[in-house]
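First up is the structure itself, then whatever we jot down about it.
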Amino acid sequence: MNTLLSTKNFLSLLLAGAVLLATLGFTSSVTAASSCGATYVVQAGDYLTKIARTCGVSYSDLVRANPSITNPSRIYAGRVLNIPVRVQFSAGATAAIIQGQLGANSRLVYLLNAGADQTLEVTLSTSSGLTLAILGADGSTIKSADSNLTFRGTLPKAQDYLLVVASGSSAMNFSLSLAIPERIRFAAGGASATLTGTVPANLSKFFILRAVKGQTLTVTATPSDKLQLIIYGVDGSVLRSGMGEGASFTGTLPSTQDYILVLKSANVAQAYTLKVSIPAVTSTPVTSTSSYTVLKGDTLFGIAFRSKTTVAALVRANPEITNTNVITVGQKIILPGATITLSNGQTVYVARNGDYMGAIARQFKVTLGALVDANPQIGNPNLIFTGQRIIIP
Numbered sequence: 220m221n222t223l224l225s226t227k228n229f230l231s232l233l234l235a236g237a238v239l240l241a242t243l244g245f246t247s248s249v250t251a252a253s254s255c256g257a258t259y260v261v262q263a264g265d266y267l268t269k270i271a272r273t274c275g276v277s278y279s280d281l282v283r284a285n286p287s288i289t290n291p292s293r294i295y296a297g298r299v300l301n302i303p304v305r306v307q308f309s310a311g312a313t314a315a316i317i318q319g320q321l322g323a324n325s326r327l328v329y330l331l332n333a334g335a336d337q338t339l340e341v342t343l344s345t346s347s348g349l350t351l352a353i354l355g356a357d358g359s360t361i362k363s364a365d366s367n368l369t370f371r372g373t374l375p376k377a378q379d380y381l382l383v384v385a386s387g388s389s390a391m392n393f394s395l396s397l398a399i400p401e402r403i404r405f406a407a408g409g410a411s412a413t414l415t416g417t418v419p420a421n422l423s424k425f426f427i428l429r430a431v432k433g434q435t436l437t438v439t440a441t442p443s444d445k446l447q448l449i450i451y452g453v454d455g456s457v458l459r460s461g462m463g464e465g466a467s468f469t470g471t472l473p474s475t476q477d478y479i480l481v482l483k484s485a486n487v488a489q490a491y492t493l494k495v496s497i498p499a500v501t502s503t504p505v506t507s508t509s510s511y512t513v514l515k516g517d518t519l520f521g522i523a524f525r526s527k528t529t530v531a532a533l534v535r536a537n538p539e540i541t542n543t544n545v546i547t548v549g550q551k552i553i554l555p556g557a558t559i560t561l562s563n564g565q566t567v568y569v570a571r572n573g574d575y576m577g578a579i580a581r582q583f584k585v586t587l588g589a590l591v592d593a594n595p596q597i598g599n600p601n602l603i604f605t606g607q608r609i610i611i612p
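Residue numbers (the numbering used here): 220 to 612.
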């Protein structure tokens with residue numbers, strides 16, 4: 220998994236994290252800590268249901284917080300169990316921050332439920348001496364335990380995830396900020412979206428949007444006098460810090476990636492309307508694996524007939540054609556099934572009859588989630604059309 224935390228951009232991420240922690244002001248939303256503390260030593264005669272009841276946590280949470288237990292009906296005296304704290308975002312919220320304290324040589328385990336292909340952001344803030352690990356309840360390792368206290372990445376499946384904060388030889392105070400942005404998708408063929416909702420009191424609303432280098436992003440949040448807007452790329456580049464810059468933004472995007480949009484309100488719940496638009500960037504095809512060169516006397520209908528497709532499909536594949544009755548000798552007509560390299564370096568696949576997103580993802584050896592995220596203009600990933608251009612991440 221690519222966590223997007225290379226040495227090259229780590230300082231940028233620290234800057235972005237500092238901006239967020241300084242400006243967002245969201246509060247924690249967690250289940251009360253257990254009566255047993257962070258760990259429990261199994262006693263003779265104990266069983267998991269009894270321990271869960273004694274510690275005031277659910278049996279299922281106790282099992283998920285201890286993925287090394289292969290047989291829940293058989294545990295042994297002397298074993299140390301993780302007693303988890305479940306993180307639950309407030310209604311309408313996409314983020315939380317948890318203030319905590321760890322004793323020397325101890326750890327805390329937080330459980331967070333998330334869906335497949337969702338983006339998780341985690342920042343653990345402390346003076347020094349803590350480590351952060353992120354594990355799946357299925358036993359998978361998302362982030363190994365180390366002193367890198369910032370994570371941003373795409374989650375592989377729908378399940379509970381364990382966030383493990385551990386201390387060394389000294390007790391430490393910390394704050395743990397979490398966010399799972401809501402993915403913004405445009406309707407089929409569209410380049411804009413309008414979202415409405417409420418930013419909970421003392422919390423922030425996170426959104427995520429896939430966009431291409433050179434596109435112009437325009438964002439407007441209303442009421443503008445009651446909201447702040449923060450925008451940054453997943454590479455850590457900050458486009459709008461939210462430091463008194465208002466609730467609107469227009470600018471050219473520096474790279475092809477996901478961008479995070481954050482709405483922050485004051486200490487009261489605030490209804491919002493968020494308008495986002497990204498007009499398509501026109502790039503000239505440089506190469507194509509399948510095209511037809513127009514000859515004298517050719518018509519678009521004739522080319523479609525000979526290519527066993529439709530005029531509508533050819534128009535989708537060739538958006539520069541604005542009049543189906545006008546094509547010129549020597550003009551290159553991209554055909555369904557082609558792979559195009561655009562002048563901006565982007566790879567694009569032109570869907571052919573019978574294609575679907577899963578098959579295209581396998582063809583280009585990318586994940587289905589990454590393919591869907593790279594094509595926000597596709598409102599319904601289960602419905603694509605012959606001739607439709609699909610951006611390959």
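In this text, a Cβ means the ideal position worked out from N, Cα and C, and glycines have one as well.
Item                                                                                                              : Value
Span of the alpha helix (DSSP H), counted from its first residue to its last, around Y520                         : Correcting the residue type first, residue 520 is Phe in the shown sequence and not Tyr. Run containing F520: 519-525, per the alpha helix (DSSP H) assignment.
Residue span of the beta strand (DSSP E) that contains Y451, given as start and end                               : 446-452
Proximal residues to S389 (C-beta, below 6 Å), its chain only, five neighbours per side dropped                   : A323, G348
Sequence-distant residues of the same chain with beta carbon closer than 6 Å to T417, five excluded per side      : G311, A488, A490
Beta bridge counterpart(s) of G264 as assigned by DSSP                                                            : Answer is none; G264 lacks a bridge partner.
Check whether G256 and I302 have beta carbons under 9 Å apart                                                     : yes
Nonlocal neighbours in the same chain, by C-beta distance under 6 Å from L602, ignoring five residues either side : none
DSSP bridge partner residues for A385 (one or two, in chain order)                                                : R326, T350
Close-in-space but distant-in-sequence residues of the same chain around C274 (CB under 7 Å, 5 per side omitted)  : S253, S254, C255, Y259, I302
C-alpha distance - N285 paired with I294, whole-angstrom precision                                                : 11 Å
As assigned by DSSP and simplified to three states, the class of T242                                             : Reliability of the predicted coordinates at T242 is poor, the pLDDT of 31 falling under 50, and no value is obtained from them.
Neighbour-count burial assignment, N599, 16 or more Cβ in a 10 Å radius                                           : exposed
Where L514 falls, given that 16 or more other Cβ within 10 Å makes a residue buried                               : exposed
Three-state class that DSSP yields for D365 in the structure shown                                                : strand
G556 vs S509 beta-carbon contact at 9 Å                                                                           : yes
Cβ-Cβ distance between L330 and V306 below 9 Å                                                                    : yes
Host alpha helix (DSSP H) of I403 (start-end)                                                                     : Neither: I403 is in no alpha helix (DSSP H) and is coded neither H nor E.
Unbroken beta strand (DSSP E) run spanning D477, endpoints                                                        : 476-484
Test item: CB-CB of S386 and K445 under 9 Å                                                                       : no
Alpha carbon of G465 to alpha carbon of T528, nearest angstrom                                                    : 49 Å
Opening and closing residue of the alpha helix (DSSP H) in which S279 lies                                        : 278-283
Candidates G355, T289, S344, L397, of which the one nearest T313 by Cα                                            : L397
Cβ neighbour criterion (16 or more within 10 Å) applied to M576                                                   : buried
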